[in-house]
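The block underneath contains the structure these notes are about, expressed in structure tokens.
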Amino acid sequence: MSSEIRVRFAPSPTGYLHIGGARTALFNWLFVRHHGGKLVLRIEDTDLKRNTEEAAAAIYEGLEWLGLNWDEGPHIGGNLGPYFQSQRTEIYERYLKKLQDGGHIFEDQGALRFRSPREHVVVNDLVCGKIDFDLTNPGTHPDMTIRRPDGSWIFHFVNVIDDIEMKISHVIRGEDHLSNTPKHIEIFRALGVSPPNYAHIPLILNRDGSKMSKRDAGAAVSTYIDQGYAPEAVRNYLCLLGWSPKDNREKIDIDEVVKLFELEKINRRNAAFDLDKCFWLNGQYVAQMSLDRFIELARPFLERAKIDISNDKYLREVLAIVKEKIKLFKDVPEWTSYFFTENYEFDSEAVQKVFDKSEAVSRLKALHEEFAKVDKWDFQTLESALKSLAQKLGCKTGDLVHPARVAVSGRSVGPSLYHMLEVMGKERVLKRFDRMMAQLGAK
RNA sequence: GGCGCGUUCGUCUAGUGGUUAGGACACGGCCCUCUCAAGGCCGGUGCACGGGUUCGACUCCCGUACGCGCUGCCA
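FYI, the numbering for the first sequence is 6 to 448, going by the numbering used here.
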């Protein structure tokens, strides 16, 4: 038997990728990238016969988004396929025959059961340590069913057979399988195969300690994709659930995690998913990522919002000044739309608040005259022009900034005014000032 | 009920017999400031409980409580 390290992520195609499943996949991925070896993706679709491909698509999408590439499985192929359990019936038949020949199987009302040897089974888990399970009492540990009367297979059996056939060396899975493990080991032994190494990782729960189900906020990886999280941030956050670099680092490069990752250092305690912290970490990533990466992640959201971003240079300039304000990429259109159209909306509350002061319009007018004289249209010049005008008028800087901001963007919040003005350009800015004044005068 | 796993701030964690129990998120206050953020500074909150072992326990052992998991012809 080869000593190659082979692990697998074996999700059931439920139509979405659970955050806990993603973390399991991540730990498998980290383990195999750390040691060198192969990650197999296997779809466990024994029970759900309907549209597996469609339901599995969400899993592929989630894994790919997180950058968790697999070495064998759907889309990739491999020598030990097929990688869908629904297509492996002959293999299961063959192993069933072996067990039957060995006298390990009996029939019960049409279903087939595996006869337990009734012994103690010691699981030597890489995370949880040595655990002794007493399976001698049939009352508490009944013989497990491995095939239903209709011929369909039960998880425990096919899972083991596939791990044998796919030469899996380490089974890294959720702790919910820990109590199943001695039963699995019984099948390995009945087949004369030595069981793989096991590592049961703690579960991810809600903040209140309850189990995370599909409907809970943040349970599905797709929500992070839709909301515009940076995949590297979510992946980083997931690394920190049950594992730690032990040096107080929170933001840590994935290459570094690969280098440091060891199963033995994983916690045994279930972790609560803290969406606030995930959000914060995402903010760290967004703030520190390159402008190119930022544009790459922002682009699909802008396109979806049908914002005209055909001018590449302008897009780049706009995103450069907005970048520091963005937490989630889904917010990019909201923060930038007025840069790209003269048809931007005016927040009536902002207009009312800012232009409530009778001097506001005249100040805007004075600022217009001042800016019209500016030749060197950059943020430094604009800032000093505005500030010296404020001094001349005897008002606060903000008394000029706020009207200008509303005029030029329609709202009271946004990036640094001077940078906005620089990016928009003199002509556009003065035109917007004009329109604002006209609008207010007409009313 | 039985079996298994777990228990350090609200949350994620560092800690492996002697620490003022450290960091991060969240929270409160202050500073900065053209808005919103960001950033900086300060602050409070924690070793589930009870027994041991030991000169000394967050750290080791036992028990209790609580949580989670398994106990399916779900995966």
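A virtual CB, placed ideally from N, CA and C, is assigned to each residue, including glycine.
Small disclaimer: the values here were computed from a predicted structure and weren't measured.
Taking 8 Å as the cut-off, decide whether the C-beta atoms of residue i and residue j are in contact.
{"i": "Arg13", "j": "Ile173", "result": "yes"}
{"i": "Lys43", "j": "Glu77", "result": "yes"}
{"i": "Leu280", "j": "Ala225", "result": "no"}
{"i": "Asn142", "j": "Lys135", "result": "no"}
{"i": "Pro207", "j": "Asp168", "result": "no"}
{"i": "Phe119", "j": "Asp148", "result": "yes"}
{"i": "Ala371", "j": "Leu398", "result": "yes"}
{"i": "Pro16", "j": "Glu49", "result": "yes"}
{"i": "Asn211", "j": "Phe284", "result": "no"}
{"i": "Leu85", "j": "Met217", "result": "no"}
{"i": "Phe162", "j": "Ile151", "result": "yes"}
{"i": "Val176", "j": "Tyr203", "result": "yes"}
{"i": "Arg93", "j": "Val45", "result": "no"}
{"i": "Leu296", "j": "Phe376", "result": "no"}
{"i": "Trp382", "j": "Ile230", "result": "no"}
{"i": "Phe445", "j": "Val366", "result": "Looking at the sequence provided, one finds Leu at residue 445 rather than Phe. Result yes, Cβ atoms of Leu445 and Val366 sit closer than 8 Å."}
{"i": "Arg47", "j": "Tyr88", "result": "yes"}
{"i": "Cys244", "j": "Leu104", "result": "no"}
{"i": "Val126", "j": "Leu140", "result": "yes"}
{"i": "Tyr343", "j": "Lys282", "result": "no"}
{"i": "Ala409", "j": "Thr402", "result": "no"}
Could you pull out every residue in the same chain whose Cβ sits closer than 8 Å to the Cβ of residue i, ignoring the five residues on either side in sequence?
{"i": "Arg220", "result": "none"}
{"i": "Gly72", "result": "Pro236, Glu237, Arg240 and Ile259"}
{"i": "Asn185", "result": "His161"}
{"i": "Leu117", "result": "Leu101, Ile110, Phe111, Thr150, Ile151 and Arg152"}
So, for residue i: in the same chain, excluding its five sequence neighbours on each side, which residues have a beta-carbon less than 6 Å away from its beta-carbon?
{"i": "Arg530", "result": "Because the chain in this structure spans residues 6 to 448, residue 530 falls outside the shown range and cannot be described."}
{"i": "Ala355", "result": "Val411, Arg416 and Ser417"}
{"i": "Leu387", "result": "Tyr423 and Leu426"}
{"i": "His205", "result": "Asp130, Val132, Cys133, Glu180 and Leu183"}
{"i": "Leu22", "result": "Ala63, Ile64, Gly67 and Val226"}
{"i": "Phe265", "result": "Correcting the residue type first, residue 265 is Leu in the shown sequence and not Phe. So the qualifying residues of the chain are Pro250."}
{"i": "Trp158", "result": "Thr51, Tyr97 and Arg152"}
{"i": "Thr19", "result": "none"}
{"i": "Gly465", "result": "Within the shown structure, residues of the chain are numbered from 6 to 448, placing residue 465 beyond reach of any answer."}
By the DSSP assignment, the alpha helix (DSSP H) with residue i in it spans what residues?
{"i": "Lys392", "result": "Phe384 to Leu398"}
{"i": "Tyr343", "result": "Per DSSP, Tyr343 belongs to no alpha helix (DSSP H) and is neither H nor E."}
{"i": "Ile40", "result": "For the record, residue 40 in the displayed sequence is His; it is not Ile. First-last of the alpha helix (DSSP H) with His40: Ile24 to His40."}
{"i": "Phe162", "result": "Phe160 to Glu170"}
{"i": "Val327", "result": "Asp317 to Val327"}
{"i": "Phe360", "result": "First-last for Phe360: undefined, no H or E at that position."}
{"i": "Ile300", "result": "Leu296 to Arg309"}
{"i": "Leu268", "result": "Where Leu268 is concerned, there is no enclosing alpha helix (DSSP H), given that its DSSP letter is neither H nor E."}
Reducing DSSP to helix, strand and coil, say where residue i ends up.
{"i": "Ala276", "result": "strand"}
{"i": "Asn185", "result": "helix"}
{"i": "Ala443", "result": "helix"}
{"i": "Phe138", "result": "strand"}
{"i": "His109", "result": "coil"}
{"i": "Thr150", "result": "strand"}
{"i": "Val198", "result": "coil"}
{"i": "Lys43", "result": "strand"}
{"i": "Val418", "result": "coil"}
{"i": "Phe14", "result": "strand"}
{"i": "Met6", "result": "Caution is warranted here: a pLDDT of 47 is assigned to Met6, below 50, making its placement in the model unreliable, and the coordinate value is therefore given only provisionally. In this structure, Met6 counts as coil in the three-state DSSP scheme."}
{"i": "Ile177", "result": "strand"}
{"i": "Pro331", "result": "It is Ile, not Pro, that sits at residue 331 in the sequence shown. Three-state result, Ile331: coil."}
{"i": "Ile48", "result": "strand"}
{"i": "Lys401", "result": "coil"}
{"i": "Glu157", "result": "The sequence shown places Ser at residue 157, not Glu. DSSP places Ser157 in coil when its eight states are reduced to three."}
{"i": "Glu432", "result": "helix"}
{"i": "Arg437", "result": "helix"}
{"i": "Tyr1", "result": "Since the first and last residues shown for the chain are 6 and 448, residue 1 lies out of range."}
{"i": "Tyr21", "result": "coil"}
{"i": "Ser249", "result": "coil"}
{"i": "Asp380", "result": "coil"}
{"i": "Pro143", "result": "coil"}
In its own chain, which residues sit with a C-beta less than 7 Å from the C-beta of residue i, not counting the 5 before and 5 after it?
{"i": "Glu322", "result": "Val428"}
{"i": "Gly107", "result": "Ala195"}
{"i": "Asp352", "result": "Gly415, Arg416 and Ser417"}
{"i": "Lys448", "result": "Low confidence applies to Lys448: its pLDDT is 49, below 50, so where it sits in the model is not reliable, and the reading given next is rough at best. If we look at Lys448 and ignore the five residues flanking it on each side, it has no Cβ neighbours."}
{"i": "Asn74", "result": "none"}
{"i": "Gly26", "result": "Pro16"}
{"i": "Ile331", "result": "Val291, Val337 and Trp340"}
Using a Cβ-based criterion (distance less than 7 Å to any ligand heavy atom), does residue i qualify as near the ligand ZN?
{"i": "Glu350", "result": "This structure does not include the ligand ZN; it has no bound ligands of any sort."}
Which ranges would you report for the alpha helix (DSSP H) in the stretch 57 to 138 if only whole runs of at least 4 residues count? 57 to 70 and 94 to 106
Just list the beta strand (DSSP E) runs in the stretch 200 to 247, keeping only unbroken ones of 3 residues or longer that don't cross its boundaries, in chain order. Segments of the beta strand (DSSP E) lying fully in the stretch 200 to 247: 202 to 206.
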